[in-house]
Structure formats: C-alpha cells, structure tokens
Amino acid sequence: MEMPVPDRMIIDQKATLVARLVQALGADGVIHAAEELRAYECDALTAYRCPPLAVVLPRTTAEVVAAIRVCADMGAPIVPRGAGTSLSGGSLPTADSVILGVSRMNQVLEIDTANRFIRVQAGITNLAVTGAVEAQGFFYAPDPSSQLACAIAGNIAMNSGGAHCLKYGVTTNNLLGVTLVTAAGEVVEIGGAHLDPAGYDLLGVICGSEGQLGIVTEATLRILASPEGARPVLIGFASSEVAGACVADIIRSGVIPVAIEFMDKLCIHATEAHAKAGYPMDVEALLIVEAEGSEAEIEEQLACIKEVANRHNPMVLRESTSEAESAAIWLGRKSAFGAMGQLGDYICLDGVVPVSALPEVLRGTAELAASYGLRVANVFHAGDGNMHPLIIFDANRPGELEQAEALGADILRLCVDVGGCLSGEHGVGVEKRELMGHQFNAADLVQQMEVKDVFDPGWLLNPAKVFPLAASESRRGG
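Every letter in the sequence shown is one number past the one before it in the working numbering, and letter 50, counting from 1, is 127.
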C-alpha cells in the first residue's frame with residue numbers, strides 16, 4: 078500500500094526537528110533512532126509498515142501543544158496514536174511524519190458518581206476506565222475486543238463499539254466532552270460534564286474523525302450503574318443464513334438484549350481450540366445472546382429470545398447456569414480474533430449492514446470467498462449489523478495478500494450496496510480510503526474535506542487517511 082512522501086524538505090531537516098522537539102518535551106519524550114522507530118512503523122494492520130521521522134510521547138496537554146507547534150512551524154505531518162491497535166491502518170505513519178503517541182497520558186483526572194461521569198487522559202485504556210469505577214458500582218459501556226489494550230483516544234477517533242453496544246451505544250453515545258488540541262496548537266474544550274451542551278454538535282464531528290481534526294488529550298465519559306445481573310444463552314444453527322434471520326427476528330420482537338454476537342463454524346472451531354469455552358462443535362453458526370437486569374427482567378427477556386429462536390429450529394439452545402459458565406462464554410468470544418491466528422494470516426474487515434440484510438450478506442460473502450478461493454470466518458456484533466469478516470490467507474505466498482484485499486473490497490462494496498456502510502468501528506484509515514467513492518459521491522467527499530479544511534488548513538493531521546489518496550494529496554498541495 079502506497080504511503081506517499083510529499084515533495085518537501087522535512088526529511089533533510091530531521092536533525093533540526095528532533096532538536097526542537099527535545100527542547101520542548103525533553104529527551105525522554107522523543108524517539109528518533111532508527112532501531113527504536115521500528116516499534117511504531119505499523120499498527121494492527123501489520124501488512125504495511127513505514128517508519129516515521131520521529132515519535133513524541135507527551136505526558137500533558139501542554140506538551141502536546143508544544144509538540145504540535147514545533148511540527149506546524151516546520152511543516153511536519155502529525156500522526157496521532159493511542160495504543161496502535163487500529164485494524165484499518167489508522168495510525169500508520171508516512172516517512173515524513175511525526176507520531177504523537179498519548180500512551181503516557183493515562184491518568185484518571187476526576188470521578189463523579191453523583192453526576193455519572195469520569196474525566197480521564199486520553200491514553201488510558203478502555204478497560205482501565207471501568208476498573209476505576211467498578212468498586213463504586215459503575216462501568217463504562219463501550220467494550221471493543223481490544224479493550225485490555227486499546228486507548229480511549231483511539232476509541233474516540235474511530236467511534237469504537239463492542240459487544241454491548243446494541244443496548245448502550247458506541248463511543249459517541251457515551252462521550253460527554255473532550256479537550257482538543259488543534260493543528261495550530263490551540264486548546265479547545267468541547268462539551269463537558271453535562272448531557273446537552275449548547276451550540277453546534279462539534280463533539281459529534283470530532284468523535285469518529287480519525288485524528289483528522291485535532292488531538293484529543295482528555296475525555297469526559299458517561300459511566301453507568303452496573304446491572305444487577307446478566308445471563309447469556311448459546312444458540313446454534315444449521316446455517317449462517319438461519320442464524321442471521323434469527324437475529325433479525327429477535328430485534329423485530331421488540332426485545333433489546335445487551336448483546337447479540339455471531340460466530341460461524343470456522344471461527345467456533347478456532348476459538349474452542351484456543352479458549353476451551355465449551356462451544357458446540359457440530360453447528361454451522363452460533364449466537365451468543367445476553368440479557369441483563371433484575372432476575373425477573375432476565376427471565377422475561379430470555380423467555381422471549383428463546384421463543385423466537387425456537388421458530389428457527391436451533392440445533393443447540395443452552396442457557397448459562399453459572400457465573401463461571403457465563404465468563405467462559407464471553408472469554409471465548411473475546412478471544413476470537415487472537416484464536417484466528419491459528420488458521421493463518423488474516424485481514425479483519427469492518428462493515429455495517431441493516432440487520433434484515435444479514436442473511437443476504439452472509440450468503441453473498443460465502444459466494445465471494447468461494448470465487449476467490451479463500452476462506453472467510455465470520456465473528457461480529459450481529460445485533461447492530463456490525464460485521465467483521467476475517468479473510469484467511471498466506472502472506473508468504475506471492476499475490477495472496479493482494480487477492481485477500483480484493484476480496485475484502487468486494488465484501489465491503491456488498492455491505493454498502495445493501496444499504497450499509499464501510500465501517501462500524503474500525504474506521505476508514507488507509508484500508509478503505511479508495512472505497513469512499515463507492516459510498517459517497519464527489520460532492521459528499523468535497524463537503525467532508527471542507528470540514529477538515531476548517532480544522533486543519535495545512536492538512537498536516539493524520540495524512541493519507543480516510544479520503545482517496547489523490548484527493549487528499551491535492552488538498553495538501555493546495
């Protein structure tokens with residue numbers, strides 16, 4: 078994948094740039110030796126690598142301001158980076174860029190359970206937010222599979238979700254405010270510790286903007302009271318299409334479980350070998366449906382869910398009978414992406430479709446995979462149609478990566494064609510930038526780029542991402 082180096086003198090000015098960054102942040106806040114930069118040459122889209130010019134690791138908003146002002150003065154592009162778990166190449170650097178990592182900015186700044194919010198530095202991990210408030214009976218709802226490692230900064234950049242987003246929403250539904258440093262090095266407070274800030278919804282613009290509009294250094298997040306209890310049920314089916322139809326019927330019934338997760342046979346077998354969760358091995362597809370609340374609420378919801386499931390002739394319908402069994406069920410699901418590594422190299426896609434279109438898209442994905450001669454495993458958040466097809470390939474076999482990418486592009490086009498979109502939570506990054514024209518027309522893309530013009534006139538923030546490369550490079554040149 079091409080990561081361009083613009084025609085400018087910045088690489089020749091590396092020594093001056095590094096010296097100024099060291100002066101601003103101190104020697105321990107700047108990485109510039111070639112061997113040390115290798116740790117930052119890629120993110121979780123590991124097929125593509127490009128060492129940056131330098132890396133800065135600030136500890137405060139003031140240090141972020143200082144770093145941005147140095148880079149802006151010298152015309153150096155800036156690539157924001159949380160924990161580097163992006164699966165779309167969202168924090169992949171260009172050779173002339175400076176990575177601004179927020180991993181050292183990991184402090185809890187304020188907890189207010191009376192008003193149900195927590196204020197944190199943006200480098201704190203997703204799971205650590207819940208860890209900070211769970212003793213008081215609260216939790217932070219968005220729970221991506223990488224929550225042990227991923228940073229709130231990246232969650233905001235990509236508008237991440239997770240298994241429980243069906244009931245509680247994704248990051249934008251749980252984000253109250255941010256401290257943002259602009260491309261010019263100005264500090265802006267957007268939103269705050271209240272539900273409905275005055276004025277334009279700038280917070281909605283920032284969340285999901287993939288680091289294109291500014292650097293988030295602090296975030297105010299909504300925390301929720303922990304539910305009294307929760308219980309999952311495993312439902313196995315003879316085909317993926319039937320499982321998809323069951324999901325649509327559960328949603329149509331009016332019951333909103335806290336989660337509906339889907340796994341197909343290929344994923345079930347890999348996960349069971351890895352996590353020993355006790356999944357049924359003779360089914361073609363598996364749903365994990367969880368209800369939560371009081372015991373009476375759980376019983377009522379699960380009764381309805383099981384009644385709907387029985388209309389689809391499930392091969393297995395098993396309700397958890399203990400906390401240990403529930404934990405094992407979710408351990409299996411949370412381990413799925415790691416377990417897939419047993420099958421080979423893989424690309425993890427991220428597309429969204431209407432729930433009613435799940436059977437059609439699952440069938441279409443299988444047909445596309447067969448036409449390319451590649452295997453695709455499916456594991457995804459079925460309740461809101463956020464699909465994650467995993468394309469298995471062999472990186473050591475010439476041409477297979479390109480073949481897998483072509484299949485991925487066709488699957489994502491299918492998602493758009495049935496009324497969905499290119500991304501639910503992984504973002505566009507570099508992975509899907511050339512597909513943006515399939516979802517948006519030229520006028521749509523121009524309007525989106527004009528928003529970036531307002532926040533980042535020099536187009537120095539997170540270069541070569543989101544927009545088709547030719548369009549974004551012409552914007553930078555202009």
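In this text, a Cβ means the ideal position worked out from N, Cα and C, and glycines have one as well.
Applying the criterion that 16 or more other CB atoms from any shown protein chain within 10 Å of the CB defines a buried residue, is residue i buried or exposed?
{"i": "Met417", "result": "buried"}
{"i": "Tyr423", "result": "buried"}
{"i": "Asp533", "result": "buried"}
{"i": "Ile333", "result": "exposed"}
{"i": "Gly485", "result": "buried"}
{"i": "Lys353", "result": "exposed"}
{"i": "Thr348", "result": "buried"}
{"i": "Arg97", "result": "buried"}
{"i": "Gly355", "result": "exposed"}
{"i": "Val531", "result": "exposed"}
{"i": "His241", "result": "buried"}
{"i": "Ala519", "result": "exposed"}
{"i": "Ala401", "result": "exposed"}
{"i": "Thr190", "result": "exposed"}
Taking just the CA atoms, how far does residue j sit from residue i?
{"i": "Gly476", "j": "Glu187", "result": "51 angstroms"}
{"i": "Lys529", "j": "Ala322", "result": "40 angstroms"}
{"i": "Val255", "j": "Phe339", "result": "33 angstroms"}
{"i": "Leu343", "j": "Phe215", "result": "36 angstroms"}
{"i": "Ser371", "j": "Gly231", "result": "33 angstroms"}
{"i": "Val197", "j": "Ile229", "result": "9 angstroms"}
{"i": "Val543", "j": "Glu384", "result": "43 angstroms"}
{"i": "Gly239", "j": "Tyr217", "result": "11 angstroms"}
{"i": "Asp494", "j": "His515", "result": "9 angstroms"}
{"i": "Thr138", "j": "Thr249", "result": "22 angstroms"}
{"i": "Val147", "j": "Val132", "result": "13 angstroms"}
{"i": "Leu141", "j": "Ala373", "result": "In the sequence under discussion, the amino acid at residue 141 is Val, which differs from the Leu named in the question. Their backbone Cα atoms lie some 50 angstroms apart in a straight line."}
{"i": "Gly291", "j": "Ala315", "result": "48 angstroms"}
{"i": "Val505", "j": "Ser165", "result": "6 angstroms"}
{"i": "Thr398", "j": "Ala404", "result": "11 angstroms"}
{"i": "Gln419", "j": "Ala413", "result": "11 angstroms"}
{"i": "Leu122", "j": "Val265", "result": "31 angstroms"}
{"i": "Glu79", "j": "Arg474", "result": "Low confidence applies here, because Glu79 scores a pLDDT of 48, under 50, leaving its location unreliable; read the following figure in that light. Distance between the alpha carbons of Glu79 and Arg474 is about 20 angstroms."}
{"i": "Glu113", "j": "Asn183", "result": "22 angstroms"}
{"i": "Leu426", "j": "Ala483", "result": "12 angstroms"}
{"i": "Ile345", "j": "Leu408", "result": "13 angstroms"}
{"i": "His271", "j": "Ser551", "result": "40 angstroms"}
{"i": "Glu444", "j": "Met358", "result": "23 angstroms"}
{"i": "Ala92", "j": "Val99", "result": "11 angstroms"}
{"i": "Gly306", "j": "Ala380", "result": "16 angstroms"}
Excluding five sequence neighbours on each side, which residues of the same chain lie with their C-beta closer than 7 angstroms to the C-beta of residue i?
{"i": "Ala209", "result": "Val185, Ile188 and Ile195"}
{"i": "Leu252", "result": "Ile233, Leu280, Cys284, Ala296 and Leu298"}
{"i": "Pro83", "result": "Reliability fails at Pro83, whose pLDDT of 46 lies under 50, so the model's placement of it is uncertain and the value that follows must be treated cautiously. If we look at Pro83 and ignore the five residues flanking it on each side, its Cβ neighbours are Asp173 and Arg553."}
{"i": "Ala320", "result": "Phe314, Phe339, Ala362 and Leu364"}
{"i": "Ala110", "result": "none"}
{"i": "Pro545", "result": "Arg510, Glu511, Met513 and Gly514"}
Find out if the Cβ-Cβ distance for the pair residue i, residue j is shorter than 7 angstroms.
{"i": "Leu538", "j": "Gln289", "result": "yes"}
{"i": "Gly313", "j": "Val393", "result": "yes"}
{"i": "Ser223", "j": "Thr297", "result": "no"}
{"i": "Ala199", "j": "Val179", "result": "yes"}
{"i": "Ile365", "j": "Ile406", "result": "yes"}
{"i": "Ala368", "j": "Gln378", "result": "yes"}
{"i": "Asn463", "j": "Gly496", "result": "no"}
{"i": "Ile468", "j": "Ile382", "result": "no"}
{"i": "Cys127", "j": "Ala172", "result": "yes"}
{"i": "Ala325", "j": "Ser433", "result": "yes"}
{"i": "Ala144", "j": "Pro135", "result": "yes"}
{"i": "Val558", "j": "His465", "result": "Nothing can be reported for residue 558, as the shown portion of the chain is limited to 78 through 555."}
{"i": "Val335", "j": "Lys411", "result": "no"}
{"i": "Thr294", "j": "Val258", "result": "yes"}
{"i": "Gly428", "j": "Leu512", "result": "no"}
{"i": "Arg193", "j": "Ile300", "result": "yes"}
{"i": "Leu311", "j": "Arg395", "result": "yes"}
{"i": "Gly167", "j": "Glu287", "result": "yes"}
{"i": "Leu491", "j": "Gly441", "result": "yes"}
Hey, does residue i have any beta-carbon neighbour from chain C nearer than 7 angstroms?
{"i": "Ile345", "result": "You won't find chain C in this structure, because it holds only one protein chain."}
Just to check my reading of the structure: residue i and residue j have Cβ atoms closer than 8 angstroms, yes? What is that Cβ distance to the nearest angstrom?
{"i": "Leu177", "j": "Ile155", "result": "5 angstroms"}
{"i": "Asn361", "j": "Pro436", "result": "In the sequence as presented, Asn is not what sits at residue 361; that position holds Glu. At roughly 13 angstroms, the Cβ-Cβ gap does not stay under 8 angstroms, so Glu361 and Pro436 are not in contact."}
{"i": "Tyr125", "j": "Leu169", "result": "6 angstroms"}
{"i": "Lys509", "j": "Leu522", "result": "Not confirmed; about 13 angstroms, so no contact."}
{"i": "Ala149", "j": "Gly262", "result": "6 angstroms"}
Got a sec? Which residues, its chain only, sit under 8 angstroms from residue i by beta carbon, not counting five neighbours each side?
{"i": "Cys471", "result": "Residue identity differs from the one stated: residue 471 is Asp in this sequence, not Cys. Here the set comprises Gly421, Asp422 and Glu477."}
{"i": "Gly415", "result": "His351"}
{"i": "Pro117", "result": "Checking the displayed sequence, the identity of residue 117 turns out to be Tyr instead of Pro. Taken in chain order, the residues that qualify are Ile108, Pro128, Pro129, Val132, Arg158, Gly161, Pro170, Ile176 and Gly178."}
{"i": "Gln90", "result": "Met151"}
Between residue i and the rest of its own chain, which residues show a CB-CB distance below 6 angstroms, the 5 nearest in sequence each way excluded?
{"i": "His389", "result": "Val319 and Cys323"}
{"i": "Asn236", "result": "Val247, Thr248, Thr249, Cys284 and Gly285"}
{"i": "Leu225", "result": "Leu204"}
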